[in-house]
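If you read the sequences in order, they're chains R and L. All residue numbers in the first sequence are consecutive under the working numbering, ending with 219. All residue numbers in the second sequence are consecutive under the working numbering, ending with 219. The structure appears right after this line, and notes come after that.
There are 2 protein chains.
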Amino acid sequence: LDDDFSTVDLSIALVHYPVLNKNGETIASAVTNLDLHDLARSAKTYGVKTFYVATPLVDQQQLARKIIGHWTEGYGKTYNPDRRDALELIKVVDYVADAVDDVCNRCSQVPETVVTSARKTDRSIGFERFRGILRDGKPYLLLFGTAWGISEEMIRQADWFLEPIYGTTAYNHLSVRAASAIILDRLLGRKNGG
Amino acid sequence: LDDDFSTVDLSIALVHYPVLNKNGETIASAVTNLDLHDLARSAKTYGVKTFYVATPLVDQQQLARKIIGHWTEGYGKTYNPDRRDALELIKVVDYVADAVDDVCNRCSQVPETVVTSARKTDRSIGFERFRGILRDGKPYLLLFGTAWGISEEMIRQADWFLEPIYGTTAYNHLSVRAASAIILDRLLGRKNGG
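Structure, rendered in structure tokens:
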């Protein structure tokens with residue numbers, strides 16, 4: 026059945042390093058409040074196991090933990106339980122490698138890493154096909170880049186390359202909040218209503 | 026052909042009034058910088074004709090115009106042309122009725138209004154079916170609510186009700202930035218790659 030996702034073990038990571046800046050240089054980007062909220066809510070909607078926020082910068086880790094803590098402890102926790110349920114999915118880690126380790130620790134399998142690239146390559150796989158592959162019971166870790174995207178080296182190291190998201194135009198500058206939502210929906214959205 | 030969108034005339038409106046607050050009361054919500062950027066970029070990606078920002082509050086209209094102006098005039102325009110191309114789609118209007126009028130003025134046809142509701146009703150239509158209907162050459166205006174969603178009265182006045190977005194869980198609290206991206210992709214995304 027196309028809408029049976031019971032065997033899916035998908036986690037996501039929002040990568041703040043290594044990413045590119047406007048000039049194509051590798052940088053560590055800043056954590057954004059709304060990225061955490063939006064991706065957590067999308068992750069919760071689509072049954073994602075864990076949402077890793079990957080940044081090696083200590084002050085950015087502290088900022089991320091402060092945002093999460095605000096909604097998962099004390100007053101915020103009771104004021105808005107929906108936000109709590111979403112933000113509880115987040116784990117702050119230094120690097121993508123630490124997210125991989127954490128998935129290993131949870132399910133004793135090394136997750137396969139998946140990136141979306143703005144460019145189609147020989148190795149790109151379509152969303153429809155990957156939607157099927159995701160059901161094979163193995164853990165997968167989907168990487169989303171911040172700033173101007175994940176560095177080429179990290180992209181090359183990934184196990185899977187999803188094809189770009191095509192709209193109806195040549196314009197290809199979706200926000201990470203929009204792109205991640207679309208990708209989760211293409212991979213895990215119920216097509217036949219609820 | 027499923028991927029032929031040449032006859033589609035779709036506009037979107039981000040509704041700041043009348044929307045609901047946490048307690049179900051009708052309010053006018055504040056304009057958010059990132060809503061404008063994200064929805065404009067998604068709109069540009071999916072070939073949306075105009076992105077209306079509807080708020081009757083003069084200070085909020087000024088804020089919206091300031092954000093748009095920053096990226097479509099002077100320094101911002103040349104610093105980041107991608108943002109300019111997206112934000113140029115925005116028109117600030119008082120009410121949804123003014124957005125309807127503006128579409129009329131452009132194409133001499135009254136657009137049909139479309140809402141997404143978190144609840145499925147007898148009148149709800151599936152995304153797949155509406156994807157086909159959208160090709161009929163008529164103008165459509167898709168309404169997205171801010172805060173806790175568009176007021177019941179405005180929902181009832183709409184011509185079309187899209188079914189809710191179903192993920193894989195019962196959690197149903199996507200951000201408007203994520204939900205609007207998913208809806209545009211379901212209605213207009215190219216399924217067969219580019």
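Using N, Cα and C, we set each Cβ at its ideal position, and we do this for glycine too.
Where residue i meets chain R, residues with beta-carbon distance less than 7 Å
i	result
Ile-93 (chain L)	The premise fails here: Ile-93 (chain L) is roughly 16 Å from chain R at the closest Cβ pair, so nothing lies under 7 Å.
Ala-143 (chain L)	Within 7 Å Cβ-Cβ: nothing; Ala-143 (chain L) doesn't reach chain R, min ~11 Å.
Gly-174 (chain L)	In chain order: nothing, as chain R lies at least about 13 Å away.
Residue i: contacting residues in chain R (beta-carbon distance under 8 Å)
i	result
Thr-194 (chain L)	Lys-69, Thr-70, Tyr-71 and Gly-72
Gly-170 (chain L)	Result: empty, since nearest Cβ-Cβ is about 15 Å, beyond 8 Å.
Asp-161 (chain L)	Ordered by position in chain R, no residue passes the 8 Å Cβ test against Asp-161 (chain L), which lies about 16 Å from the chain.
Arg-215 (chain L)	Tyr-191, Gly-192 and Thr-193
Closest by C-alpha distance to residue i, when choosing among the options
i	options	result
Ala-122 (chain L)	L:Leu-114, L:Ile-158, L:Thr-57 and L:Thr-80	L:Thr-80
Thr-51 (chain R)	R:Glu-188, R:Lys-216, R:Ile-175 and R:Leu-199	R:Ile-175
Asp-33 (chain L)	L:Pro-136, L:Ala-53 and L:Asn-46	Looking at the sequence shown, residue 33 (chain L) is not Asp but Val. Measuring from the Cα of Val-33 (chain L), the nearest candidate turns out to be L:Pro-136.
Ile-108 (chain L)	L:Arg-181, L:Tyr-120, L:Val-117 and L:Gly-94	Sequence check: residue 108 (chain L) is Arg here, not Ile. Arg-108 (chain L) has its Cα closest to that of L:Gly-94, out of L:Arg-181, L:Tyr-120, L:Val-117 and L:Gly-94.
Ser-54 (chain R)	R:Ala-65, R:Leu-64, R:Tyr-42 and R:Lys-47	R:Tyr-42
Leu-212 (chain R)	R:Trp-173, R:Ile-150, R:Met-179 and R:Gln-182	R:Ile-150
Arg-90 (chain R)	R:Glu-113, R:Pro-106, R:Arg-131 and R:Asn-105	R:Glu-113
Gln-87 (chain R)	R:Arg-131, R:Val-56, R:Tyr-120 and R:Phe-76	R:Val-56
Asp-110 (chain L)	L:Ala-183, L:Lys-102 and L:Lys-47	L:Lys-102
Leu-35 (chain R)	R:Leu-45, R:Lys-116 and R:Ala-68	R:Ala-68
Leu-39 (chain L)	L:Phe-76, L:Phe-155 and L:Val-83	L:Phe-76
Leu-209 (chain L)	L:Phe-155, L:Asn-48 and L:Val-83	L:Phe-155
Arg-131 (chain L)	L:Tyr-165, L:Tyr-120, L:Val-78 and L:Arg-181	L:Tyr-165
Glu-188 (chain R)	R:Lys-216, R:Arg-148, R:Asn-105 and R:His-198	R:Arg-148
Arg-215 (chain R)	L:Asn-48, L:Phe-186, L:Ile-190 and L:Cys-129	L:Ile-190
Asp-27 (chain R)	R:Glu-153, R:Gln-182, R:Val-201 and R:His-198	R:Glu-153
Leu-64 (chain L)	L:Thr-146, L:Val-128 and L:Ile-37	L:Ile-37
Leu-82 (chain R)	R:Val-118, R:Gly-49 and R:Lys-47	R:Val-118
Gln-182 (chain L)	L:Gly-99, L:Val-125 and L:Asn-48	L:Val-125
Asn-105 (chain R)	R:Asp-84, R:Asp-184, R:Arg-66 and R:Ser-200	R:Arg-66
Leu-199 (chain L)	L:Trp-173, L:Glu-178 and L:Glu-177	L:Trp-173
Leu-45 (chain R)	R:Met-179, R:Ile-115, R:Thr-97 and R:Phe-186	R:Met-179
Thr-146 (chain R)	R:Phe-186, R:Val-128, R:Lys-116 and R:Gln-134	R:Phe-186
Tyr-120 (chain L)	L:Val-201, L:Val-128, L:Val-78 and L:Glu-98	L:Val-78
7 Å Cβ cut-off: residues of chain L touching residue i
i	result
Phe-254 (chain R)	In the structure displayed, chain R extends from 26 to 219; residue 254 (chain R) sits before or after that span and is not available.
Leu-222 (chain R)	Since the first residue of chain R shown is 26 and the last is 219, residue 222 (chain R) is not available in this structure.
Gly-101 (chain R)	Those do not exist, as Gly-101 (chain R) stays about 13 Å from chain L at its closest Cβ, beyond 7 Å.
Arg-154 (chain R)	What Arg-154 (chain R) touches in chain L: nothing, since even the nearest Cβ is about 11 Å away.
Residue range of the beta strand (DSSP E) that includes residue i
i	result
Glu-50 (chain L)	Segment: none, Glu-50 (chain L) is in no beta strand (DSSP E) and carries neither H nor E.
Pro-164 (chain L)	164-170
Thr-141 (chain L)	137-141
Tyr-77 (chain L)	76-79
Phe-30 (chain R)	Segment: none, Phe-30 (chain R) is in no beta strand (DSSP E) and carries neither H nor E.
Trp-96 (chain R)	Not the beta strand (DSSP E): Trp-96 (chain R) falls in the alpha helix (DSSP H), residues 83-97.
Leu-64 (chain R)	Segment 58-70 is the alpha helix (DSSP H) holding Leu-64 (chain R); no beta strand (DSSP E) there.
Ala-117 (chain R)	In the sequence as presented, Ala is not what sits at residue 117 (chain R); that position holds Val. That run of the beta strand (DSSP E) goes 115-118.
Gly-187 (chain L)	Sequence inspection shows Leu at residue 187 (chain L); the Gly mentioned does not correspond to that position. That run of the beta strand (DSSP E) goes 185-187.
Chain-ordered neighbours of residue i on chain L, where CB pairs are closer than 8 Å
i	result
Gly-157 (chain R)	Those within 8 Å of Gly-157 (chain R) in chain L number zero; the least Cβ separation is about 15 Å.
Asp-210 (chain R)	Ile-190, Gly-192, Ile-207, Asp-210 and Arg-211
Proximal residues of chain L, C-beta to C-beta of residue i below 9 Å
i	result
Arg-148 (chain R)	Those do not exist, as Arg-148 (chain R) stays about 14 Å from chain L at its closest Cβ, beyond 9 Å.
Arg-202 (chain R)	Leu-59, Asp-63, Ser-200, Arg-202, Ala-203 and Ala-206
Boundaries of the alpha helix (DSSP H) in which residue i is found, first to last residue
i	result
Leu-209 (chain R)	201-213
Leu-39 (chain R)	Counting along the chain, Leu-39 (chain R) falls outside any alpha helix (DSSP H), though it belongs to the beta strand (DSSP E) covering 34-40.
Gln-182 (chain L)	177-182
Arg-131 (chain R)	121-132
Arg-156 (chain R)	152-158
Arg-108 (chain L)	106-112
Beta-carbon neighbours of residue i, restricted to chain R and to distances below 9 Å
i	result
His-198 (chain L)	Arg-66, Lys-69, Thr-70, Asp-107, Arg-108, Asp-110 and Ala-111
> Are three or more beta carbon pairs between the region 68-85 of chain R and the region 191-203 of chain L nearer than 8 Å?
Replying inline: yes
> Three or more beta-carbon pairs under 8 Å between the region 199-211 of chain R and the region 52-72 of chain R, yes or no?
Replying inline: yes
> Contact between the region 123-142 of chain R and the region 163-171 of chain R: three or more CB pairs below 8 Å?
Replying inline: yes
>> Below 8 Å, how does it come out for the region 141-160 of chain R and the region 28-44 of chain R: are there three or more Cβ pairs, yes or no?
In response: yes
> What are the residues of the region 38-51 of chain L that lie near chain R, defined by any Cβ-Cβ distance shorter than 9 Å?
Replying inline: Lys-47
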